[in-house]
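> One structure is given below, represented as structure tokens, and several questions about it will come after.
Residue numbers (our numbering): 238 to 818.
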């Protein structure tokens with residue numbers, strides 16, 4: 238989980254490094270604004286790998302900004318989304334540049350609603366125009382500057398130093414005193430200015446004070462940001478010297494900004510007078526901003542409410558032509574409220590599936606995985622992309638939660654192409670032996686009895702480099718189905734060799750063994766049990782792909798599909814086996 242905290246002054250170097258290395262730009266991504274406005278907007282920062290993550294609170298509630306730094310931007314945004322989700326809040330990002338918006342649309346397609354935020358667009362001017370005020374476009378501005386020099390005496394524009402910086406606070410006090418509302422946003426800005434003055438040197442600010450008639454009448458200050466740009470954070474005048482604005486602007490630009498190409502004078506916040514003033518300086522361009530809000534869950538993830546359970550049980554029974562009792566057992570033993578994804582239309586649930594927490598063990602290392610189970614859509618709502626949208630959404634959420642793989646077992650071969658289009662690929666295979674009854678006769682005579690075994694523990698004996706491991710709730714459900722539909726299950730020979738055998742009679746009357754595991758690796762024992770319970774019928778035995786040790790005909794069968802979420806697709810074949818009923 239991310240650890241957000243208040244930014245400190247000694248964070249400035251790290252903040253600037255992350256900003257310089259990232260795809261962020263503008264005044265909101267400046268060390269000074271992050272550090273001096275942290276109190277006003279409860280700004281907090283967190284470190285995630287090589288990224289700086291920032292969040293704050295405004296009138297719209299909690300917001301996050303685009304990560305600054307280098308690395309996998311999707312992973313960084315996903316970390317913020319998961320943190321926000323864990324706190325029960327709606328995920329919202331502000332101050333997005335057009336290129337940030339484009340990136341989000343590519344890595345999280347269809348997941349956000351975007352709004353153009355004109356009030357936050359920043360005004361960027363060339364230093365040349367601000368200093369020279371050239372041509373007819375700036376004739377009025379140049380006239381205002383000349384008039385100031387005619388109407389006042391002892392005029393000078395001097396750099397801010399330790400000796401004169403106190404004048405900035407006096408001007409700010411006078412400026413705010415004439416405002417009708419001295420609270421709210423104006424007080425927030427005043428506090429930011431106070432911090433800027435206090436830590437002017439540490440923040441690496443630059444600024445100037447305009448003197449006229451023997452006193453300080455205006456000040457401006459800001460800092461260097463990216464792309465050869467200076468950002469002007471504040472510009473204030475005494476109330477009786479409103480004509481000083483164009484003079485302090487022009488004077489400071491000439492005095493201290495000659496080494497920059499652009500000056501960013503920040504946004505207008507939607508104030509009509511301020512917008513008119515900023516436009517009158519003919520910006521070179523506007524740095525457009527967008528807000529992104531995570532869409533309301535299109536899958537309608539339900540909590541375990543009784544009314545929803547009834548609808549979901551009915552959907553299960555209708556689509557799978559199954560008994561309600563089976564679905565109810567699944568809900569009671571294997572389903573978790575957070576794992577149920579359902580889509581509601583026309584006042585009812587029309588599509589749903591379930592995520593079973595699982596693991597895939599590859600080369601003796603467990604990967605957190607999710608088994609997609611019982612995907613169902615009512616006939617009249619199929620072919621509209623409902624299931625596709627839900628699965629893609631779930632995949633993004635699971636990745637945010639740190640899952641490595643999403644896997645499933647298609648109900649029939651025709652569905653492989655459907656799931657392939659969503660992003661799954663074949664990854665599970667098994668070996669299937671066909672054993673004639675006459676060949677099985679010689680294996681009869683096994684000594685065994687039924688018991689309950691630790692399914693996942695016994696699976697560690699599968700001679701396979703990779704295999705799926707299921708949670709206890711789902712194994713319990715699979716066992717229930719095995720008994721309900723006539724499967725023989727849980728067989729032990731003796732203390733030395735323990736075996737699980739899951740099988741039933743297929744449509745042709747043959748013994749169909751869904752899964753067989755021997756702790757001793759001796760599949761002759763499995764054949765002994767199979768021969769005894771086959772009643773003279775042929776035997777079809779499914780085993781892990783790597784088991785090629787029985788002297789009978791075998792073939793390789795597809796047994797499931799996998800989608801990588803956090804890891805690459807494993808190079809080895811994965812064994813799924815039972816319990817995927």
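Yeah, the Cβ is synthetic: ideal placement off N, Cα and C, and Gly gets one too.
If you draw a straight line from the C-alpha of residue 713 to the C-alpha of residue 571, how long is it?
The residue given as residue 713 occupies position 476 in the chain shown. The residue given as residue 571 occupies position 334 in the chain shown. Cα to Cα, residue 713 sits roughly 8 Å from residue 571.
> From this set, 334, 284, 278, 324, which residue's C-alpha is nearest residue 303's C-alpha?
The sequence position of residue 303 within the chain shown is 66, counting from 1. If we check each option's Cα against that of residue 303, 334 comes out closest.
> Just list the residues that DSSP pairs residue 523 with in beta bridges.
Within the chain shown, numbered from 1, the residue matching residue 523 stands at position 286. In DSSP, residue 523 forms a bridge with 360.
> Would you mind stating whether residue 293 and residue 280 have Cβ atoms separated by less than 8 Å?
On the chain shown, position 56 is the one that residue 293 refers to. On the chain shown, position 43 is the one that residue 280 refers to. Yes, the pair counts as a contact, with Cβ atoms nearer than the cut-off.
> For the alpha helix (DSSP H) containing residue 658, name the first residue and the last one.
One-based indexing of the chain shown puts residue 658 at position 421. 652 to 659 is the span of the alpha helix (DSSP H), which, as asked, contains residue 658.
> Checking 8 Å against the spacing of the C-beta atoms, do residue 253 and residue 268 come in under that value?
Walking along the chain shown from the start, residue 253 turns up at place 16. Walking along the chain shown from the start, residue 268 turns up at place 31. Their beta carbons are under 8 Å apart, which means residue 253 touches residue 268 by this criterion.
> For residue 335, report the span of its alpha helix (DSSP H) as first-last.
On the chain shown, position 98 is the one that residue 335 refers to. Note, residue 335: alpha helix (DSSP H), 335 to 344.
> Select from 323, 404, 623 the residue whose C-alpha is nearest the C-alpha of residue 454.
To locate residue 454, count along the chain shown from 1; it is residue 217. When only C-alpha atoms are compared, the closest one is 404.
> Do the CB positions of residue 330 and residue 490 come within less than 8 Å of each other?
Counted from its first residue, the chain shown places residue 330 at position 93. Counted from its first residue, the chain shown places residue 490 at position 253. No, the Cβ-Cβ distance between residue 330 and residue 490 is not below 8 Å.
> Can you grab the Cα-Cα spacing for the pair residue 706 / residue 811, in whole Å?
Here the question's residue 706 lines up with position 469 in the chain shown. Here the question's residue 811 lines up with position 574 in the chain shown. Using only the alpha carbons, I get a separation of about 11 Å.
> Please classify residue 429: does DSSP put it in a helix, a strand, or coil?
Working through the chain shown from its first residue, we reach residue 429 at position 192. Residue state, collapsed to three classes: helix.
> How big is the Cα-Cα spacing for residue 529 and residue 350?
As a position in the chain shown, residue 529 is number 292, starting the count at 1. As a position in the chain shown, residue 350 is number 113, starting the count at 1. Looking at the two C-alpha atoms, the distance is approximately 6 Å.
> To the nearest angstrom, how far is it from the Cα of residue 241 to the Cα of residue 282?
Residue mapping note: residue 241 aligns to position 4 of the chain shown, counting from 1. Residue mapping note: residue 282 aligns to position 45 of the chain shown, counting from 1. The alpha-carbon atoms of residue 241 and residue 282 are separated by roughly 5 Å.
> Nearest-angstrom Cα distance between residue 587 and residue 341?
Looking up residue 587 in the chain shown gives position 350. Looking up residue 341 in the chain shown gives position 104. Distance between the alpha carbons of residue 587 and residue 341 is about 30 Å.
> Looking at residue 343: is its Cβ nearer than 8 Å to the Cβ of residue 260?
For the purposes of this step, residue 343 is identified with residue 106 of the chain shown, where counting begins at 1. For the purposes of this step, residue 260 is identified with residue 23 of the chain shown, where counting begins at 1. Not a contact, by the Cβ cut-off of 8 Å.
> Flag this pair as touching only if the stretch 636 to 648 and the stretch 597 to 611 have three or more C-beta atom pairs under 8 Å; answer yes or no.
Yes, the stretch 636 to 648 is in contact with the stretch 597 to 611.
> Look at the Cβ atom of residue 445, then the Cβ atom of residue 396, and state whether they are nearer than 8 Å.
In the chain shown, the residue the question calls residue 445 occupies position 208. In the chain shown, the residue the question calls residue 396 occupies position 159. Yes, these two residues count as a Cβ contact at 8 Å.
> Going by the DSSP bridge assignment, what does residue 394 pair with across the sheet?
Against the chain shown, residue 394 aligns to sequence position 157. Answer is 447.
> What separation, rounded to the nearest whole angstrom, lies between the Cα atoms of residue 513 and residue 360?
On the chain shown, residue 513 is found 276 positions in, with the first residue counted as 1. On the chain shown, residue 360 is found 123 positions in, with the first residue counted as 1. Looking at the two C-alpha atoms, the distance is approximately 12 Å.
> Whether or not the stretch 554 to 566 and the stretch 612 to 624 are in contact is what I'm after, with contact meaning three or more pairs of Cβ atoms, one per stretch, closer than 8 Å; do they touch?
As far as the Cβ criterion goes, the stretch 612 to 624 touches the stretch 554 to 566, which means the pair count is three or higher.
> When you compare only the Cα positions, how much space is there between residue 496 and residue 461?
Residue 496 sits at position 259 when you count from the first residue of the chain shown. Residue 461 sits at position 224 when you count from the first residue of the chain shown. If I take the Cα positions, the gap works out to 11 Å.
> Per DSSP, what kind of secondary structure is residue 366 in: helix, strand or coil?
Counted from its first residue, the chain shown places residue 366 at position 129. Residue 366 falls in the helix class under three-state DSSP.
> What three-state label does DSSP hand residue 376 in the structure shown?
To locate residue 376, count along the chain shown from 1; it is residue 139. Note: residue 376 maps to helix in three-state DSSP.
> Could you check which residue in 435, 437, 549, 416 has the C-alpha nearest to that of residue 569?
Along the chain shown, read from residue 1 onward, the residue named residue 569 stands at position 332. Ranking 435, 437, 549, 416 by Cα distance to residue 569 puts 549 first.
> Tell me residue 469's beta-bridge partners as DSSP assigns them.
Along the chain shown, one-based indexing puts residue 469 at 232. According to DSSP, which records beta bridges pairwise, residue 469 is partnered with 459.
> Could you tell me which of 431, 357, 256 sits nearest to residue 503, measuring between CA atoms?
Taking the first residue of the chain shown as 1, we reach residue 503 at position 266. Ranking the options by Cα distance to residue 503, first place goes to 357.
> Pick helix, strand or coil for residue 200, following the three-state DSSP scheme.
One cannot answer for residue 200 here, as it falls past the ends of the chain, which runs 238 to 818.
> Work out the CA separation of residue 545 and residue 532 for me, nearest whole Å.
As a working note, residue 532 is residue 295 in the chain shown. As a working note, residue 545 is residue 308 in the chain shown. About 22 Å.
> How about the stretch 469 to 479 and the stretch 510 to 524: do they share at least three Cβ pairs that are nearer than 8 Å?
No: the two stretches stay apart, fewer than three of their Cβ pairs being nearer than 8 Å.
> In the DSSP assignment, the beta strand (DSSP E) including residue 603 goes from what residue to what residue?
Start at 1 with the first residue of the chain shown, and residue 603 comes out as number 366. Unbroken beta strand (DSSP E) run through residue 603: 602 to 614.
> Could you give the residue range of the beta strand (DSSP E) that holds residue 596?
Locating residue 596 in the chain shown gives position 359, where the first residue counts as 1. First-last of the beta strand (DSSP E) with residue 596: 585 to 599.
> Measuring CB to CB, does residue 472 end up less than 8 Å from residue 457?
Here residue 472 refers to the residue found at position 235 when the chain shown is read from its first residue. Here residue 457 refers to the residue found at position 220 when the chain shown is read from its first residue. Yes, the Cβ-Cβ distance between residue 472 and residue 457 is below 8 Å.
> So the alpha helix (DSSP H) residue 512 belongs to, where does it begin and stop?
Within the chain shown, residue 512 is the residue found at index 275, counting from 1. Taken as a continuous stretch (DSSP letters only), the alpha helix (DSSP H) holding residue 512 covers 509 to 516.
> Which partner residues of residue 351 appear in the DSSP bridge assignment?
One-based indexing of the chain shown puts residue 351 at position 114. According to DSSP, which records beta bridges pairwise, residue 351 is partnered with 529.
> Measuring only the C-alpha atoms, how far is residue 377 from residue 498?
Against the chain shown, residue 377 aligns to sequence position 140. Against the chain shown, residue 498 aligns to sequence position 261. Between residue 377 and residue 498, the C-alpha separation is close to 23 Å.
> Between which residues of its own chain and residue 771 is the CB-CB distance below 7 Å, once the five residues before and five after are set aside?
Indexing the chain shown from 1 puts residue 771 at position 534. Closer than 7 Å at the Cβ level, and outside the excluded window around residue 771, lie 674, 677, 748.
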